[in-house]
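Counting from 0, one number per residue, gives the positions in the sequence shown under this note's numbering. Each residue gets a CB set at the ideal place from its N, CA and C atoms; glycine is no exception. None of the values given here were measured: they were computed from a predicted structure. Structure record follows, encoded as C-alpha cells.
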Amino acid sequence: MSRHDLTRHAAVRQQQRCIPPLVVDWLLSYGRRDPSSGAVKVRFDRRGRRELAREVGERAVSLMSKYLNAALVVDRDTDRVITVEWLH
0 MSRHDLTRHA
10 AVRQQQRCIP
20 PLVVDWLLSY
30 GRRDPSSGAV
40 KVRFDRRGRR
50 ELAREVGERA
60 VSLMSKYLNA
70 ALVVDRDTDR
80 VITVEWLH
C-alpha cells in the first residue's frame, strides 16, 4: 500500500482502476502539479518522466510505462489524495 494519505474514495478508485501504489508514490514525487478547481491535479510530464528515469532507471520506467497516464487529484491544503484516475 502507498505510504501516502489516500481518502477512502481514492483507495477504492486506485484498486478499481488497477493503478499500483508505486505509481501513486511516483506521481507524488515526480509529477507535475496543476491547480484544478480547489484541488491540484498531479500527472507525469516529460520533465517528471526524465527525473523518474534518472532516479529508478530507464528499465523500471519502461516496464511501468502503461501506468504513466495515471493522475491524481490532491487536496491543495492537506496533500491528501482525493482520487486516482486515468488521463484520456
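Here arginine 16 is not near glycine 30, since their CB atoms are 8 angstroms or more apart. The C-beta separation of valine 11 from alanine 38 comes to about 18 angstroms, leaving the pair out of contact by the 8 angstroms criterion.
In the structure shown, the three-state DSSP call for leucine 71 is strand.
In this structure alanine 69 touches valine 83 by the C-beta definition: roughly 7 angstroms separates them, less than 8 angstroms.
The shortest CA-to-CA distance from aspartate 24 to any of Pro34, Arg45, His8 and Leu67 is the one to Leu67. For arginine 42, the secondary structure class from DSSP, reduced to helix, strand or coil, is strand. Within the DSSP bridge table, the entry for glutamate 84 names Ala70 as partners.
Close CB contacts of aspartate 33 within its chain, under the 6 angstroms cut and outside five residues either way in sequence, are with Lys40 (chain order).
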